[in-house]
Each structure stands twice: as structure tokens, then as C-alpha cells.
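Structure first, then comments.
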Amino acid sequence: MGSLFRSEPMCLAQLFLQSGTAYECLSALGEKGLVQFRDLNQNVSSFQRKFVGEVKRCEELERILVYLVQEITRANIPLPEGEASPPAPPPKQVLEMQEQLQKLEVELREVTKNKEKLRKNLLELIEYTHMLRVTRTFVKRNVEFEPTYEEFPSLENDSLLDYSSMQRLGAKLGFVSGLIHQGKVDAFEKMLWRVCKGYTIVTYAELDESLEDPETGEVIKWYVFLISFWGEQIGHKVKKICDCYHCHIYPYPNTAEERKEIQEGLNTRIQDLYTVLHKTEDYLRQVLCKAAESVYSRVVQVKKMKAIYHTLNMCSFDVTNKCLIAEVWCPEAELRDLRRALEQGSRESGATIPSFMNTIPTKETPPTLIRTNRFTEGFQNIVDAYGVGSYREVNPALFTIITFPFLFAVMFGDLGHGFVMFLFALLLVVNENRPGLNQSQEILRMFFNGRYILLLMGLFSVYTGLVYNDCFSKSVNIFGSRWNVSAMYSSSHTAQERDKMALWNDSVVRHSRVLQLDPAVPGVFRGPYPFGIDPIWNLATNRLTFLNSFKMKMSVILGIIHMTFGVTLGIFNHLHFRKKFNILLVSIPELLFMLCIFGYLIFMIVYKWLVFSAETSREAPSILIEFINMFIFPASGTSGLYPGQEHVQKVLLVVTALSVPVLFLGKPLFLLWLHNGRSCFGVSRSGYTLVRKDSEEEVSLLGNQDIEEGNSQMEDGCREMTCEEFNFGEILMTQVIHSIEYCLGCISNTASYLRLWALSLAHAQLSDVLWAMLMRVGLRVDTTFGVLLLLPVIALFAVLTIFILLIMEGLSAFLHAIRLHWVEFQNKFYVGAGTKFVPFSFSLLSSKFSDGDNVA
Amino acid sequence: MTAHSFALPVIIFTTFWGLIGIAGPWFVPKGPNRGVIITMLVATAVCCYLFWLIAILAQMNPLFGPQLKNETIWYVRFLWE
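Order-wise, the sequence lines are chains W and Z.
For the first sequence, this note's numbering puts the final residue at 856, and the numbers step up evenly by one.
For the second sequence, this note's numbering puts the final residue at 81, and the numbers step up evenly by one.
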């Protein structure tokens with residue numbers, strides 16, 4: 001069998017890494033992804049470890065890179081993601097990279113800051129120009145329409161330096177002008193009125209274009225206002241109110257020439273600012289483009305570096321403090337590759353003393369490694385979701401590849417639906433190398449990961465659909481039905497036969513609503529339909545009576561065979577872990593128990609199918625009654641299935657009854673006898689305690705030189721305990737619980753397999769209802785209107801088929817098939833108490849920009 | 001007559017699944033996945049053959065027949081026979 005049958009043998013190896021070459025060796029190991037490192041410094045906090053400084057440096061570099069990526073994406077520059085993964089940089093290059101990145105960051109920040117300042121400046125100038133333009137109309141208007149200001153005719157002619165007041169005859173008229181938010185205008189005006197009580201005149205107008213607010217960056221509407229006030233005190237108040245409402249105040253020119261001057265000055269300054277701003281933005285873009293070329297490889301390099309330092313932190317120093325010691329779990333098949341990787345690393349760093357390794361014996365349980373390809377990965381995930389297999393135990397995933405889709409298909413069994421599912425899965429499989437699918441959202445991702453499972457489920461559903469003869473709830477008549485209706489008519493028979501049977505003629509048929517075919521009449525039943533269920537049953541009103549009986553018996557047969565297979569797999573486990581006594585004392589009684597009761601049930605079912613026919617149908621006994629009578633021994637028994645049935649059943653019951661105490665007490669008593677009968681060998685070593693009593697593997701991991709001679713006769717189990725630790729009570733209790741669970745479980749699990757019948761019935765009925773409610777309604781309308789009606793009906797039919805029958809029923813059958821595997825099948829042999837082997841590998845680090853680190 | 005019409009499908013399908021399940025494994029090319037493919041072939045053959053066998057055994061000696069509406073009887077009589 002391939003390596004999918006059992007997990008791979010592992011060994012513990014010690015790596016001696018010279019301090020000069022440690023980094024390169026780990027880099028070589030990370031590229032290959034061979035081994036899993038063990039943390040030797042578990043009680044040291046992460047801040048006290050040796051390489052904390054380097055890890056911090058990596059994190060600093062990561063921060064700079066994240067900032068870079070942010071700026072690059074903000075400027076909408078495309079970020080090329082390279083295909084090749086660059087190796088981790090040697091320590092000499094790191095300093096250089098660090099300097100480069102830091103310089104780049106500083107420069108970027110400065111340029112961005114300058115750009116912001118320039119933009120803010122520009123906005124203010126633009127606002128000023130707008131304000132000047134709009135207030136020109138105010139003043140003109142004032143002069144034209146409000147002659148009240150004629151008292152101060154020389155307003156326009158005076159040239160003033162200070163905008164806030166005018167010194168003339170003690171009367172001070174001042175102007176405040178600026179811009180204010182659209183939303184605040186009313187409140188502003190009211191406040192001014194209340195505070196200044198009419199000594200101010202406010203004019204404002206809306207600015208047509210919305211400008212950007214230099215502080216917040218939003219684009220909003222502004223109002224230009226001009227406040228003319230009379231008096232210095234009022235002036236202060238007005239200014240305070242303006243501050244309060246966050247107005248942008250600009251100097252108000254008092255003469256037309258001044259205004260023109262200011263406007264020209266502003267225009268030139270705006271032009272200059274535009275040019276400078278453009279140049280700055282171009283420069284920034286240039287810098288970012290250049291950085292974008294190498295940023296991806298830098299990100300990968302920094303990630304790898306950080307992973308290497310994290311792993312180095314797990315190693316410990318030896319006494320001379322010059323050599324790092326690492327303990328790794330390594331599959332035995334890869335020991336040579338490990339040596340070669342170490343040599344390669346030592347060579348790359350140019351050290352005189354190479355790093356080396358050796359294997360050490362251990363008592364701990366190694367992690368479980370099962371190599372999967374993209375096809376078997378899905379099924380292995382199903383099994384691992386229940387529990388990762390213990391070290392070197394039989395892996396049910398190998399058989400789940402076929403039994404899981406098969407049991408799903410038994411519950412789903414529809415030709416049409418299965419074909420649609422198959423097509424969908426085929427679409428996913430054919431496009432599996434397209435990059436988009438790998439990174440899509442959650443639900444599609446789940447379907448994508450299970451594409452091979454879906455493919456097989458669809459294929460098997462097509463097969464079971466053919467056997468159930470169910471295609472979108474209709475049957476397909478390929479070979480011709482074997483039930484002959486004409487033979488029921490009296491015209492098909494000779495006179496003498498007619499007297500014995502109830503036959504039909506035209507008037508009988510016309511007047512009775514339903515009539516049942518009788519297989520006892522010769523010629524009516526011409527043999528079983530060669531492949532699957534006869535299509536006439538689809539037209540029959542008593543279809544479910546026949547199908548229920550068929551499907552229930554089928555579920556029970558399939559279930560018992562599945563469970564027996566599970567118990568048989570347990571035998572392989574016992575053989576591998578060299579506990580032959582388990583086979584005799586546990587597996588054989590279990591098999592006998594199961595087969596004597598339920599195997600006999602299968603025999604009765606098949607016997608009744610073969611022997612009883614329509615002629616003897618009156619005496620055909622019910623299997624259920626016979627099965628129950630097997631245990632109750634009623635006084636007035638029925639005629640039974642076959643002669644001698646009582647004796648056979650008695651024998652089977654006796655065998656079962658004998659196997660139960662063997663199952664309960666056999667193993668604990670045997671172990672007790674071993675423990676007492678043979679005095680303890682093999683405990684001359686102190687501290688020889690085993691973590692797990694059930695595995696021989698730890699012992700075989702001990703080096704050969706440690707095992708005493710003459711131990712071969714003890715392979716049956718004395719090794720598995722020390723003198724002090726043999727706890728009879730515990731072993732007895734465990735075995736009793738296991739036995740009770742098994743015996744009761746046999747009955748309940750067999751009944752549990754009836755869900756195969758229940759779900760296939762539900763699916764068939766749902767499908768039937770959908771057809772009857774939708775398609776039949778559409779197909780019954782005769783006229784041309786019917787054709788038009790058929791289009792939306794078919795669309796609705798398709799949508800409901802997909803959502804209800806494919807997705808909902810598919811999920812339901814999927815779930816129940818998983819349940820059958822996890823509980824009914826796996827609890828016959830599977831322990832599932834192991835840990836998964838997670839190698840130190842750079843390919844396990846995520847390669848996307850947004851994801852965080854995965855430290856191996 | 002029933003025996004004949006039963007024997008022929010049995011022979012055909014037994015040989016078919018027997019070829020897949022028993023002869024097929026000999027032709028699987030050597031490679032890392034040989035064990036997996038052999039297991040898949042054998043399991044498929046066993047499951048599918050068993051399923052078909054149960055279906056045909058259940059119909060071999062029916063104890064009762066289908067109950068049809070009179071319209072269906074008329075239709076089947078004139079269209080299928």
C-alpha cells in the first residue's frame with residue numbers, strides 16, 4: 001500500500017549548527033521543508049531569547065515595507081508579484097538593505113509632507129482669489145444701491161495699510177472678509193446681529209464652485225462674506241466671532257488698485273505653486289515606481305529572515321557556546337536529504353567546520369506525517385477534521401476516497417442532479433490553476449478545496465441515479481419494462497387458467513380507478529430489470545411500498561458491511577503494533593458478535609429474496625418478526641424461513657453469548673496473567689516509563705544497543721508496562737467500557753445506517769414534488785401560450801433545483817455521510833489522538849501582502 | 001425464462017466489475033500513487049457491484065406487483081406493448 005495507508009516512520013535528529021553557518025543551514029532547510037523543529041527553550045520568554053534583536057530588526061523592516069506598499073497602492077502604481085521566491089539574504093546584505101529601506105522611508109515621508117504643505121498653500125491662495133472676485137461685486141453694489149454710505153465718500157480713495165480700521169475723524173469703519181462654510185452661514189449671521197446689535201452690515205454670496213477645505217480635504221460649498229463694521233470694539237468682537245466659526249479670513253483691499261495688485265500677485269503665485277506641485281508629484285511617483293519593482297522580493301526576503309530567526313530562537317547553545325543544537329523530527333525517508341541540506345548550507349556560508357546531525361533515540365510520540373497530493377488532500381482533511389491519526393495507525397482516508405462519495409450518492413441518487421454536480425466540479429477542476437480561484441472568498445474557496453470530492457460525489461450519484469432509475473424524478477426505460485400489463489387481461493390466457501385467477505378485461509379496467517398487477521399470473525412478470533429499478537414502478541401508486549422495503553434492506557446490508565470492514569482494519573493495527581493477543585481476544589469476539597447477529601440478518605434478507613416468490617407470498621414471513629423471535633423464543637413460533645432455522649439460530653446465539661464475556665474480560669485477564677506469570681523483564685533501566693501503553697513504536701525507536709538479549713519472547717506485551725505501573729483496575733474498566741460501547745453500538749449503529757434510506761427517500765420525494773408543482777403545470781398547457789409559459793417555468797425549475805435539491809440536499813447528504821464515517825465507521829478502529837507534522841518550510845509562509853506572518 | 005433473464009445480466013456485470021476490481025490492479029503503472037489507485041479500483045468495484053446486486057436481487061421474486069391507475073394501464077398497454 002502507498003504511504004496513505006499509514007503515516008510515515010519518523011525519527012528524532014539532533015542538528016549541530018556551527019554559529020557561522022546556522023543561518024545558511026536553516027535557510028537551506030526552510031527552502032526544502034523537510035523537518036519540524038522542536039522548541040528547546042520553552043520556559044524562556046520571547047524577550048529573553050538569543051536572537052531577539054534580529055527579530056526586532058526584521059519587524060522594523062517589515063513596518064517600513066508595509067508603509068511602502070501602502071504608499072504605492074495609494075498612488076495607484078501596479079505592484080508586480082513575481083513568481084520566483086528569492087532566498088533569504090545573508091546577514092551581510094541585511095545591513096545594506098536596512099539602510100536602503102530606512103533612507104527610502106525618510107525621503108518618502110519628507111516629500112509627502114512637503115507636498116501636503118504646498119497643496120494647503122495653494123488652496124488658501126485660490127480661496128483668496130475667489131473672495132476678491134466676489135467681494136468686488138459687493139462693494140460696487142453697495143455704492144450703487146445704498147447711498148447711506150455717502151457720509152464717507154473718500155472710502156475708496158484712501159490707501160490704507162491696515163485692513164481692520166480707518167483713522168479718520170475718530171470714526172473707524174473696518175471690513176472683514178473671508179469664506180465660511182455653507183452650513184454655518186445662518187448661525188453666523190444671527191450671532192453677529194445679536195452681539196453687534198446692528199453696528200455691522202453683513203453681505204454674503206454663495207460661491208458657485210465647491211472648493212476643497214485645506215484642513216479636512218472634503219469638497220464643500222463656501223460662502224464669501226464681507227462684514228463692514230463701525231468702531232474698534234465691534235471690530236474685535238467680529239474677529240472673535242469669525243474665529244469661533246472657523247472662517248478663513250483674508251485681507252480686504254480698500255482701493256481698486258490695491259485689489260488689482262493683490263490679484264495679479266496671487267495669480268503669479270498660484271501659477272508657481274502649480275508648477276512646483278506638479279514637479280513634486282512627479283518626483284514622488286518616480287521614487288515609488290522604482291521602489292515598487294523590488295518591494296515584492298524584499299517582502300519575501302524579510303519574511304524568510306524572520307522565520308529563520310524565530311526558528312533559531314528555538315535552538316539551544318551547547319556548553320562551549322559556539323555551536324547551536326536543534327532537535328528536529330525528520331521522516332526516516334528524508335534523512336539523506338537532511339544531511340545534504342546541511343552540507344549545502346555549510347558550503348554556502350564558507351565555514352571550515354560543517355554542520356552535522358545524528359539521530360537520537362526517544363520515547364516521545366512523533367508527529368504524524370501523511371503525504372497527500374491535491375487529489376487525496378480533500379479526503380485527508382475530512383478525516384483530520386475528526387482527529388489527526390495517531391502515529392503509525394491505519395489511515396481511514398485511503399478508503400474514504402471511495403466510500404464517502406459512495407455513501408453520499410446512495411443518499412443523493414439522482415442521475416440529473418448528479419450530472420449537474422459533476423459538471424460543476426469538472427469546471428472547478430479544469431480551472432484549478434487559474435490564480436483567481438485560489439484567493440476568492442470563503443464559500444467559493446470551500447467548494448474549490450473540495451473539488452475532487454465533489455467530482456467523485458457527482459460521478460457516483462450518476463451511477464446510483466441509474467440504479468434507482470431516477471432522473472429529475474423521472475425514470476428512464478432503457479431495456480424495456482419487465483412487467484407486462486397485457487398479460488393481466490383474460491384474453492391472453494387459455495380458458496382453464498382463467499378460472500384460477502382474477503383477470504381483467506376492458507370494462508373492469510374502465511370502472512376501477514386502480515388495479516394491481518399480480519406477479520403470480522404467468523406472463524405478467526418476466527424477470528428482474530437488468531440494471532436498476534424497473535421503470536414501471538415510477539408510474540405505480542404503491543411505489544413507495546416497494547422502494548421502502550428495498551432501500552431499508554439495502555441500507556442495513558451496506559451498513560453492516562461497512563462496519564465489519566472497520567473492525568477488520570483494526571486487525572491491521574493490532575498486527576502492526578505487534579499485539580497479536582488483541583486479535584484473538586478483541587477483534588475476533590467483535591467480529592463474531594457482529595456477524596452472528598447482523599450477518600445472519602443479511603443472510604435472512606438475501607434468503608427471503610431468493611426463495612420466496614409470488615406463489616409463496618402468503619407464507620413469506622416478515623424478516624423483522626423472525627429477527628425479534630430469534631431472541632425472544634416465543635411459544636408459538638411462525639413457520640420460519642427455512643427448515644432447521646431454530647437450531648441454527650440457537651447455535652448462533654450461543655456463539656454470541658460466549659463471545660461477550662471474552663470481549664469483556666479476555667484482554668484484562670490475559671494481561672494480568674502475563675504480568676503475574678512472568679516476572680518483570682526489561683525494567684533494569686531506571687525511569688523506563690512509557691507515555692503511552694499501547695504502542696510498541698517507542699520501544700522500537702530506542703537504539704538497538706539498549707535492548708537486552710532474549711527479549712523476543714516478550715513481544716506479546718510485557719514490555720508495555722513497568723512493574724510499578726500495571727493497573728489492573730484501569731485496564732479492566734477501559735475494556736468493559738469499550739465492550740459495552742461496542743455491543744450496544746452494533747445495534748444503534750446499524751439502525752443509524754437507515755439514514756441512507758431516509759435521505760434518499762426525502763430527495764426522491766422533493767424532486768417529485770418540484771416536478772409535479774412546476775414542470776407538469778407548465779407542460780400541461782396546450783396552446784402556444786404554453787410555450788411562452790414554459791420559459792419562466794423552466795427557469796424557476798432550474799433555480800429551485802439548484803438551490804433546494806443540489807445545495808440544500810447536497811449539504812445534508814454530505815453531512816450525514818460524514819457522520820456515518822466519523823462515528824459508525826471510525827469508532828470501530830480509529831484512535832485519532834496524534835499531532836500533525838508541520839515542517840519548517842518557507843512555502844507555508846503566506847506570500848500575500850496583506851496577510852500576517854506564519855511562523856513555522 | 002426468468003432464470004435466463006436473470007443469468008445474463010449477472011454474468012455481464014460480474015465480469016465487468018470483476019475486470020475492474022480484480023484484473024485492473026495488475027495494469028496500474030508503477031508510481032507513488034499505485035497503492036491509492038489500486039485501492040480505489042477495488043473499492044469502486046466492490047461498492048458498485050454490491051449496489052447493483054442488491055437492486056437486482058430485490059426484484060427477482062416480487063411478492064406483489066405495481067398498482068396502476070386505469071389511465072396508466074391503458075397507456076402502457078398501447079404504447080409499451
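Just so it is clear, CB atoms sit at the ideal spot from N, CA and C, and this is done for glycine as well.
Could you tell me the distance, in whole angstroms, from the CA atom of residue i to the CA atom of residue j?
i, j, result
"Gly217/W", "Arg119/W", "10 Å"
"Phe531/W", "Ser473/W", "17 Å"
"Asn433/W", "Val420/W", "22 Å"
"Val524/W", "Asp518/W", "7 Å"
"Ser712/W", "Asn582/W", "Reliability fails at Ser712/W, whose pLDDT of 41 lies under 50, so the model's placement of it is uncertain and the value that follows must be treated cautiously. Taking the straight line joining both Cα atoms gives about 18 Å."
"Pro366/W", "Pro9/W", "9 Å"
"Leu123/W", "Glu212/W", "7 Å"
"Leu12/W", "Asn358/W", "9 Å"
"Asp337/W", "Tyr386/W", "32 Å"
"Thr255/W", "Leu226/W", "15 Å"
"Val611/W", "Leu63/Z", "11 Å"
"Thr271/W", "Glu24/W", "One detail in the question is off: residue 271/W reads as Gln in this sequence, not Thr. Looking at the two C-alpha atoms, the distance is approximately 57 Å."
"Ser492/W", "Tyr753/W", "45 Å"
"Met314/W", "Gln441/W", "35 Å"
"Tyr607/W", "Met446/W", "45 Å"
"Ile866/W", "Val238/W", "In the structure displayed, chain W extends from 1 to 856; residue 866/W sits before or after that span and is not available."
Comparing the C-beta of residue i with each C-beta of chain W, is any distance below 8 Å?
i, result
"Gly35/Z", "yes"
"Leu68/Z", "yes"
"Phe51/Z", "yes"
"Trp80/Z", "yes"
"Ile20/Z", "no"
"Ala55/Z", "yes"
"Phe6/Z", "yes"
"Trp74/Z", "yes"
"Pro9/Z", "yes"
"Thr14/Z", "no"
Assuming residue i and residue j make a contact with CB atoms under 8 Å, what is their CB distance in whole Å?
i, j, result
"Val476/W", "Pro435/W", "That belief does not hold up - the Cβ atoms of Val476/W and Pro435/W are roughly 41 Å apart, past 8 Å."
"Ile64/W", "Cys289/W", "Actually they are not in contact, since the Cβ atoms of Ile64/W and Cys289/W sit about 18 Å apart, beyond 8 Å."
"Pro89/W", "Met97/W", "6 Å"
"Ser55/Z", "Val467/W", "In the sequence on display, residue 55/Z carries Ala and not Ser. Contact holds; Cβ gap of about 5 Å."
"Val55/W", "Lys304/W", "Not quite, the Cβ-Cβ distance comes to about 13 Å (not below 8 Å), so this is no contact."
"Phe837/W", "Gln36/W", "6 Å"
Kindly say whether residue i, judged by its beta-carbon, lies nearer than 8 Å to any beta-carbon of chain Z.
i, result
"Ser700/W", "Summary for Ser700/W: the model assigns pLDDT 45, below 50, so the residue's position carries little reliability; its value from the coordinates is reported in the next sentence. Output row for Ser700/W: interface = no."
"Lys553/W", "yes"
"Trp757/W", "no"
"Pro331/W", "no"
"Gly389/W", "no"
"Thr403/W", "yes"
"Val654/W", "no"
Mapping DSSP to helix, strand and coil, what is residue i?
i, result
"Trp504/W", "strand"
"Glu212/W", "strand"
"Lys237/W", "helix"
"Phe837/W", "coil"
"Glu81/W", "coil"
"Val176/W", "strand"
"Tyr489/W", "strand"
"Glu724/W", "Summary for Glu724/W: the model assigns pLDDT 47, below 50, so the residue's position carries little reliability, and this model does not support an answer."
"Pro621/W", "coil"
"Met97/W", "helix"
"Val55/W", "helix"
"Glu227/W", "It is worth fixing the name first, because residue 227/W is Ile in this sequence and not Glu. If DSSP states are grouped into helix, strand and coil, Ile227/W belongs with the strands."
"Ala7/Z", "helix"
**Request:** Inspect the CB distances between the region 664 to 671 of chain W and the region 584 to 595 of chain W and report whether three or more fall short of 8 Å.
**Result:** yes
**Request:** Count the CB pairs spanning the region 387 to 405 of chain W and the region 37 to 49 of chain Z that are closer than 8 Å, and state whether there are at least three.
**Result:** yes
**Prompt:** Should the region 815 to 834 of chain W be regarded as contacting the region 569 to 578 of chain W, the criterion being three or more beta carbon pairs within less than 8 Å?
**Reply:** yes
**Item:** the region 2 to 22 of chain W contacting the region 315 to 325 of chain W, beta-carbon criterion three pairs below 8 Å
**Value:** yes
**Message:** Would the region 555 to 562 of chain W count as touching the region 596 to 613 of chain W if we require 3 or more Cβ pairs under 8 Å?
**Reply:** yes
**Prompt:** Does the count of Cβ pairs from the region 794 to 811 of chain W and the region 366 to 384 of chain W closer than 8 Å reach three?
**Reply:** no
**Item:** the region 498 to 518 of chain W touching the region 14 to 29 of chain Z, judged by at least three CB pairs closer than 8 Å
**Value:** no
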